[in-house]
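So the structure is just underneath, and the comments pick up after that.
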Amino acid sequence: MRLSPQEMDKLLVFTAGLVAERRKARGLMLNHPEAVAYITAAVLEGARDGQSVAELMRYGTTLLSRADVMTGVPEMIPDIQVEATFPDGTKLVTVHNPIP
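Quick note: the sequence shown uses our numbering, first residue 2, plus one each step.
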């Protein structure tokens with residue numbers, strides 16, 4: 002199997018997102034990379050499912066709370082930008098204040 006650099010990046014994000022999802026399910030607080038991967042993977046999957054950019058921008062802010070992450074993590078992530086593939090092409094999704 003041959004993957005492009007972009008496909009490799011998406012695979013890495015998805016894998017990190019799965020690790021973060023499992024840690025969150027076990028009740029562990031997520032660190033910075035895990036929180037970003039968790040939200041990014043969810044946005045990528047939502048785009049693949051056909052949700053709109055606006056829907057994903059809102060959805061991205063509902064995935065994690067301050068109780069889900071280590072102290073200081075929300076302040077480290079003012080926004081997350083994801084280049085996602087939608088049914089009608091690739092678009093940039095920006096999630097502002099992803100951990101309110």
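For every residue, glycine included, the Cβ atom is placed at its ideal position computed from N, Cα and C.
Only a predicted model underlies this, so the values are computations on that prediction, with no experimental measurement involved.
query, result
"Cβ-Cβ distance between lysine 92 and leucine 45 below 9 Å", "no"
"Inter-residue spacing [alpha-carbon to alpha-carbon] between glutamate 56 and alanine 42", "15 Å"
"Classification of aspartate 50 by the beta-carbon crowding that lies within 10 angstroms, buried from 16 upward", "exposed"
"Buried versus exposed, by CB contacts within 10 Å (16 or more), alanine 26", "exposed"
"Distance between glutamine 7 and tyrosine 39 (C-alpha atoms, nearest Å)", "18 Å"
"Glutamine 82, enclosing beta strand (DSSP E) - first and last residue", "80 to 87"
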